[in-house]
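Asks:
Residue numbers (my numbering), protein chains in the order written: chain A, 1 to 280; chain B, 281 to 566.
1) In its own chain, which residues sit with a C-beta less than 6 Å from the C-beta of residue 309 (chain B), not counting the 5 before and 5 after it?
2) Do the CB positions of residue 370 (chain B) and residue 446 (chain B) come within less than 7 Å of each other?
3) Does residue 15 (chain A) come within less than 7 Å of chain B when only Cβ atoms are used?
4) Do you know offhand how far residue 272 (chain A)'s Cα is from residue 109 (chain A)'s?
5) Please name the residue or residues paired with residue 91 (chain A) in a DSSP beta bridge.
6) Since residue 559 (chain B) meets chain A, which of its residues come closer than 9 Å, beta carbon to beta carbon?
7) Taking only three categories from DSSP, how would you classify residue 175 (chain A)?
8) Quick one: measure Cβ to Cβ for residue 238 (chain A) and residue 251 (chain A), integer angstroms, because I've assumed they're closer than 8 Å.
9) Opposite residue 230 (chain A) in the DSSP bridges: which residues?
10) Evaluate residue 496 (chain B) with the Cβ neighbour count: other Cβ atoms within 10 Å of its Cβ, from every protein chain shown; 16 or more gives buried, anything less gives exposed.
11) Less than 7 Å between the C-beta atoms of residue 209 (chain A) and residue 23 (chain A), yes or no?
12) What residues from the stretch 282-303 of chain B come within 9 Å of chain A, judged by C-beta to C-beta, listed N to C?
13) With DSSP as the reference, identify every bridge partner of residue 187 (chain A), one or two as the case may be.
14) I'd like the span of the alpha helix (DSSP H) that includes residue 284 (chain B), first residue to last.
15) At what residue ranges does the stretch 464-521 of chain B contain a whole run of the beta strand (DSSP E), taking only runs of 3 or more?
16) Can you check which of these residues, B:344, B:394 and B:468, is closest to residue 71 (chain A) by C-alpha distance?
17) Thinking just about the alpha-carbon of each residue, which of A:253, A:221 and A:190 is nearest to the one in residue 230 (chain A)?
18) Just verifying my parser: in three-state terms, what is the DSSP assignment at residue 221 (chain A)?
19) Starting from residue 321 (chain B) and walking both ways along the alpha helix (DSSP H), at which residues does that stretch end?
20) Three Cβ pairs or more, each shorter than 8 Å: is that satisfied between the stretch 31-43 of chain A and the stretch 56-73 of chain A?
21) Check whether the Cβ of residue 81 (chain A) lies closer than 7 Å to any Cβ atom in chain B.
22) Is residue 235 (chain A) helix, strand or coil when you go by DSSP?
23) Would you tell me roughly how many angstroms separate the C-alpha atoms of residue 151 (chain A) and residue 29 (chain A), rounded to the nearest one?
24) Nearest to residue 84 (chain A) by CA position, among A:127, A:124, A:157 and A:173, is which residue?
25) Identify which residue in B:324, B:556 and B:546 has its Cα closest to the Cα of residue 423 (chain B).
26) Kindly list, in the order they appear in chain B, the residues whose Cβ is closer than 8 Å to that of residue 126 (chain A).
27) Between the stretch 139-159 of chain A and chain B, which residues of the former have a C-beta closer than 7 Å to a C-beta of the latter?
28) With H, G and I counted as helix, E and B as strand and the rest as coil, what does DSSP make of residue 62 (chain A)?
29) Between which two residues does the beta strand (DSSP E) harbouring residue 314 (chain A) extend?
30) For chain A, check one thing: does any of its Cβ atoms lie closer than 7 Å to the Cβ of residue 389 (chain B)?
31) Could you tell me the alpha carbon to alpha carbon distance between residue 87 (chain A) and residue 165 (chain A), rounded to whole angstroms?
32) Closest to residue 31 (chain A) by CA distance: which of A:102, A:91, A:153 and A:137 is it?
33) Would you report the Cα separation of residue 480 (chain B) and residue 358 (chain B), rounded to the nearest angstrom?
34) Compute the Euclidean distance between the alpha carbons of residue 536 (chain B) and residue 96 (chain A), then round it to the nearest angstrom.
35) At least one CB of chain B closer than 7 Å to the CB of residue 244 (chain A): is that the case?
36) Assuming residue 430 (chain B) and residue 516 (chain B) are in contact, meaning their beta carbons sit under 8 Å apart, how far apart are those beta carbons, in whole angstroms?
Below you can see the structure in the form of structure tokens.
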């Protein structure tokens, strides 16, 4: 899979304090990568370098083969910052017109209508930003990031202000983007959400990439739990393949089996293990 | 590129319009012009006997016209500078801290074009405002006292260039100062410039070469002051005798002739300030 985003030996320090220490990371076309890590781990810094908002201290990032921050790289991305604000006097439609002009999109009114529909804000096209709830503004921010059909979408905590319904809308939107072959880098603290939608997960702690892989591959077997008439027994380290043998042995020993469960670590377990002792 | 520049200029103008900056400026300007009209009317009416029995020594009409029009120019420059500062307030650091800037900067337009577009909007609007108020004050002066400055257009254009310099300086300070600090610094620089101009004139009047030199140097370091002094001078550059001498010391800053060197320097200075702002902006992490 060709890399839409490629970070190589990426370093960034702010006044001598390291924010990123030699990070290598790739996002392929149509791939949804979840970037996890405690506060201050370097997730937002990585995203900002990819947008050209922050200059790296070493290494580099390429977007579709072009240096991050170059005009061609900027033309290929859509970005929603964690802390953003749109002019309060602008309506949703006016904001999208502004961004269409800035990125040279020829999509016109049909693109704007489609984007507002995607984030379920069609009813608010004429609503001024200052009268919108934070959740509506966040969904408008996602629509804004999608103006011009970018090949790479960088979303920094896009669901932090959303209620459960809003989060479901964004999940649906991310799945739609996957269908459209748009690569997404998603910064989020919501592990369940990342687990649900992301193809791959990268965990950053103290500016270093400490874990990377598909959510299913990161999970480790924790054992087989068997409930018998004499109580619950845990066979640590055993996995899916050992379960029949364990059950057979217990039955042979005269136990009555009520329940068998193969336990594996969740993404939360993996995350907590990876960032143990490092909290922002 | 041109489309992006036009988009950002339009965005800046609409921002000013929606924030009712223009409405406030319009109302204040109308108030000022109305007051000026009343003041000019009574000044011309009551100053006719001011010069005493020998009117040839001091021309009361020229004296009154140049004095009150000089005051109008001082106010016009001040109001234009206020507008320039408000239109550039927080454009870089302030907007970056509030999260307004990032969605625009990540677009292909680029930082330098974005910055220059914001400057064009602020400077263009402030300059147009200054020319409009200058023209209105000129018309009021002619209507009330039938007096017109020796040069009609030059002083207005010099004031327009002066507020453009203030806009450029304000833009530069916005790259590294917070909104409040930016406003304070720019207005202090503005005040320092005008004070330096007054010092130069005082130095000239009391024959203090050092004082005059300090003021003169300051007007080159802060050329908006030099342009203001030049525009005052252009009002009465052809006025001779005692009237000309008295008016040179004007109550709202001294007048001083400027050659084409000052105009060239003012443009080069503005370009230099903008280049510094662009470099500072390009190196800033957002």
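Ideal Cβ placement from N, Cα and C applies to all residues, glycine included.
Replies: Here's the rundown:
1) Translated into positions along the second chain, residue 309 (chain B) becomes position 29. Within the same chain, residue 309 (chain B) has close Cβ partners 413.
2) As a first step, residue 370 (chain B) is located in the second chain; it is residue number 90 there, counting from the start. As a first step, residue 446 (chain B) is located in the second chain; it is residue number 166 there, counting from the start. No, the pair does not count as a contact, with Cβ atoms beyond the cut-off.
3) Stepping through the first chain from its first residue, residue 15 (chain A) is reached at position 15. Not closer than 7 Å to any Cβ of chain B, the Cβ of residue 15 (chain A) fails to qualify, so no.
4) Position 272 of the first chain, counted from the start, is the residue given in the question as residue 272 (chain A). Position 109 of the first chain, counted from the start, is the residue given in the question as residue 109 (chain A). When rounded, the distance between both Cα atoms is 46 Å.
5) The residue labelled residue 91 (chain A) in the question sits at position 91 within the first chain. BP columns for residue 91 (chain A) point to A:128.
6) Position 279 of the second chain holds residue 559 (chain B). Correct list: empty, because the minimum Cβ distance to chain A is about 13 Å.
7) Here residue 175 (chain A) is taken as the residue at index 175 of the first chain, counted from 1. Note: residue 175 (chain A) maps to helix in three-state DSSP.
8) For the purposes of this step, residue 238 (chain A) is taken as residue 238 along the first chain, with counting starting at 1. For the purposes of this step, residue 251 (chain A) is taken as residue 251 along the first chain, with counting starting at 1. Actually they are not in contact, since the Cβ atoms of residue 238 (chain A) and residue 251 (chain A) sit about 16 Å apart, beyond 8 Å.
9) In the first chain, the residue the question calls residue 230 (chain A) occupies position 230. Answer by DSSP bridge pairing: none, since residue 230 (chain A) is not bridged.
10) In the second chain, residue 496 (chain B) corresponds to position 216, counting from 1. Its Cβ being crowded by 16 or more others within 10 Å, residue 496 (chain B) is buried.
11) Stepping through the first chain from its first residue, residue 209 (chain A) is reached at position 209. Stepping through the first chain from its first residue, residue 23 (chain A) is reached at position 23. Yes, Cβ-Cβ distance for residue 209 (chain A) and residue 23 (chain A) is below 7 Å.
12) 283, 284, 286, 287, 288, 290, 291, 294, 295, 297, 298 and 299
13) Position 187 of the first chain, counting from 1, holds the residue named residue 187 (chain A). Residue 187 (chain A) pairs with A:35 and A:156.
14) Working through the second chain from its first residue, we reach residue 284 (chain B) at position 4. Looking at the DSSP string, the run of the alpha helix (DSSP H) that includes residue 284 (chain B) is 282-298.
15) none
16) Walking along the first chain from the start, residue 71 (chain A) turns up at place 71. B:394 is the residue among B:344, B:394 and B:468 whose C-alpha sits nearest the C-alpha of residue 71 (chain A).
17) On the first chain, position 230 is the one that residue 230 (chain A) refers to. Out of A:253, A:221 and A:190, A:253 has the C-alpha closest to the C-alpha of residue 230 (chain A).
18) In the first chain, the residue the question calls residue 221 (chain A) occupies position 221. Looking at residue 221 (chain A) - three-state DSSP - the assignment turns out to be strand.
19) The count along the second chain starts at 1 and reaches residue 321 (chain B) at position 41. Residue 321 (chain B) -> alpha helix (DSSP H) spans 301-326.
20) no
21) Working through the first chain from its first residue, we reach residue 81 (chain A) at position 81. Interface residue, yes.
22) What you label residue 235 (chain A) is simply residue 235 of the first chain in a count that begins at 1. Correct three-state label for residue 235 (chain A): strand.
23) Taking the first residue of the first chain as position 1, residue 151 (chain A) is located at position 151. Taking the first residue of the first chain as position 1, residue 29 (chain A) is located at position 29. Rounded to the nearest angstrom, the two C-alpha atoms are 8 Å apart.
24) Working through the first chain from its first residue, we reach residue 84 (chain A) at position 84. The option with the nearest alpha carbon to residue 84 (chain A) is A:157.
25) Within the second chain, numbered from 1, the residue matching residue 423 (chain B) stands at position 143. Of the candidates B:324, B:556 and B:546, the one whose C-alpha sits nearest the C-alpha of residue 423 (chain B) is B:324.
26) One-based indexing of the first chain puts residue 126 (chain A) at position 126. Under the 8 Å cutoff, chain B gives no residues; its nearest Cβ is about 15 Å from residue 126 (chain A).
27) 144
28) Here residue 62 (chain A) is taken as the residue at index 62 of the first chain, counted from 1. In this structure, residue 62 (chain A) counts as strand in the three-state DSSP scheme.
29) As displayed, chain A neither begins before 1 nor continues past 280, which places residue 314 (chain A) out of reach and without an answer.
30) Counting from 1 along the second chain, the entry for residue 389 (chain B) is found at position 109. Closer than 7 Å to some Cβ of chain A, the Cβ of residue 389 (chain B) qualifies, so yes.
31) Reading the first chain from its first residue, position 87 is the one you call residue 87 (chain A). Reading the first chain from its first residue, position 165 is the one you call residue 165 (chain A). Looking at the two C-alpha atoms, the distance is approximately 25 Å.
32) The residue given as residue 31 (chain A) occupies position 31 in the first chain. Of the listed residues, the one whose Cα sits closest to residue 31 (chain A) is A:153.
33) Numbered from its first residue, the second chain carries residue 480 (chain B) at position 200. Numbered from its first residue, the second chain carries residue 358 (chain B) at position 78. Roughly 20 Å between the two C-alpha positions.
34) Residue numbering aside, residue 536 (chain B) sits at position 256 when the second chain is read from its first letter. Residue numbering aside, residue 96 (chain A) sits at position 96 when the first chain is read from its first letter. For residue 536 (chain B) and residue 96 (chain A), the distance between alpha carbons rounds to 51 Å.
35) Counting from 1 along the first chain, the entry for residue 244 (chain A) is found at position 244. Output row for residue 244 (chain A): interface = no.
36) Reading the second chain from its first residue, position 150 is the one you call residue 430 (chain B). Reading the second chain from its first residue, position 236 is the one you call residue 516 (chain B). Indeed they touch by this definition, with Cβ atoms about 6 Å apart.
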